[in-house]
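The structure appears right after this line, and notes come after that.
Chains as they are written, first to last, in my numbering: chain A, 8 to 116; chain B, 13 to 359.
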């Protein structure tokens, strides 16, 4: 599955669309950014409710292509600006982390 | 009532501190900024309540050989101060049985614990008081600072610094350390700016400042260093390890310290991240290195940090790691990464 297909497949809202499209290889679900940095696989999609600039910084360090913000959390503009400059996609979902992770797991496994 | 203008008596036994806080040598200025009021103040303070009589306070002064007594409320906030001059006036005007509240100086100039010592020097020279009560961020009295406190603390610190400089001159082998000290003095005025220094041959030093609780600029150093590594085609896995260590250390400075410097020393063989802050230091390093231990506030946790993983993560991704900290001068962390391919694979 490609990043550009995520939105339609999981009914996500695309908030930041300036990204380099590619295959989704893995994903990591966590609201602890230190945990993401310590344990997430490289180039994974990050599923979280942490909607702020620091999430983009962590995604950049992990070479993550996309962030999915769950529970319809409001995403500040500075986060989107940062993501645009790093070419990281930002999606928002009205579902929670468990549900999104489960759906994505089914596709990737 | 005593106003700040009626201080003739003080000048007899009170000295100014002959230090220029603008144009002293860099090493001295650095000390003046690095040392905080809480590092130099006297902690056990003799205090009295507003209901104590002037006579009682005079006896306390005599007994404990102090020349000024802060008058505090029950919650340790400052109500005023009684100094020798008030006692003399008390004898003179026959109000020794009056309460402190009636005659104390109520407009007290206080210092914050976290202020740099340079403020003390300025205050002493400007106001010509013999002492300033010190308060914490909640305005509670925590100590008192006198000119003697400042001068002796500065002497101790200067001795240490001179010793260090002398040692450095006799051991010229450590080129990186030399580069650091020369870089340090350059970086002070350029807050949050990046400066590129030519250290010894083929050594590059990059520096970034961090500020307490400034999450806006946090990550700036790490993303910048990552970009530079990418630009010279560094192995992506190695770049990620460096980025993670750098970001964790940067966040640590933003969350826990009073500000600091992220310094990247790059040679053909290795990259050294030196994260040096100005305090308050880590009381128990072993604990701080334990996964899950954290002293972060709820605000920090709400941002997804403060899980007690920062230092353990950094140590895990580094090829070499060391940390030293003391409560007077702050914390210095080194994370070293070998850039040559044969050294790869510490993860």
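Each residue gets a CB set at the ideal place from its N, CA and C atoms; glycine is no exception.
All of these numbers come straight from a predicted model, not from anything done at the bench.
- Residue 39/A and residue 97/B have their alpha carbons spaced roughly 59 Å apart.
- Here residue 144/B carries a strand assignment [DSSP, helix/strand/coil].
- With 16 or more other CB atoms across the displayed protein chains lying within 10 angstroms of its CB, residue 257/B is buried.
- According to DSSP, residue 76/A shares a beta bridge with 55/A, 99/A.
- For residue 82/B, the pairing in a beta bridge is given by DSSP as 93/B.
- The beta-carbon of residue 123/B is placed no less than 7 Å from the nearest beta-carbon of chain A.
- Shown here, residue 336/B sits in a strand according to DSSP, grouped into three states.
- Residue burial annotation: residue 266/B is buried, with at least 16 other C-beta atoms found within 10 angstroms of its C-beta.
- Contacts with chain A (Cβ-Cβ distance below 8 Å) from the stretch 211-235 of chain B involve 227, 228, 230, 231, 234, 235, listed in chain order.
- Against chain B, the beta carbon of residue 59/A has neighbours under 7 Å at 315, listed in chain order.
- Contact between residue 301/B and residue 323/B holds, since their C-beta atoms are separated by about 5 Å, short of 8 Å.
- Collapsing the DSSP output to three states places residue 220/B in a strand.
- Secondary structure of residue 54/B (DSSP, three-state): strand.
- Counting only residues of its own chain and dropping the five nearest sequence neighbours on each side, residue 253/B has a CB closer than 6 Å to the CB of 329.
- Chain-order list of chain B residues neighbouring residue 45/A: 256, 321, 324, 325, 328, by C-beta distance under 8 Å.
- From the listed residues 239/B, 268/B, 215/B, 246/B, the smallest Cα separation to residue 227/B is found for 268/B.
- In the structure shown, residue 48/B adopts extended strand secondary structure according to DSSP, grouped into three states.
- Taking CB atoms only, residue 30/A has no neighbour in chain B less than 7 Å away.
- Residue-level contact by beta carbon fails for residue 276/B and chain A, as no gap is shorter than 7 Å.
- The stretch 334-343 of chain B makes contact with the stretch 293-312 of chain B; the number of CB pairs closer than 8 Å reaches 3 or more.
- When DSSP reads this structure, residue 274/B sits in a beta bridge with 220/B, 287/B.
- Secondary-structure assignment with DSSP links residue 60/B through a beta bridge to 83/B.
- Using a 10 angstroms sphere on the CB of residue 100/B, the tally of other CB atoms stays under 16, which defines it as exposed.
- Look at residue 96/A: its C-beta is not under 7 Å from any C-beta on chain B.
- Residue 49/A and residue 57/A have their alpha carbons spaced roughly 19 Å apart.
- Among the CB atoms of chain A, none fall inside 7 Å of the CB of residue 139/B.
- Collapsing the DSSP output to three states places residue 74/B in a helix.
- Under the three-pair Cβ rule at 8 Å, the stretch 61-77 of chain B counts as touching the stretch 103-110 of chain B.
- The three-state secondary structure of residue 30/A, taken from DSSP, is strand.
- Counting the other CB atoms within 10 Å of its CB gives residue 86/A a total of 16 or more, which places it among the buried residues.
- Between residue 339/B and residue 128/B, the alpha-carbon positions lie close to 15 Å from each other.
- Chain A has no Cβ within less than 7 Å of the Cβ of residue 135/B.
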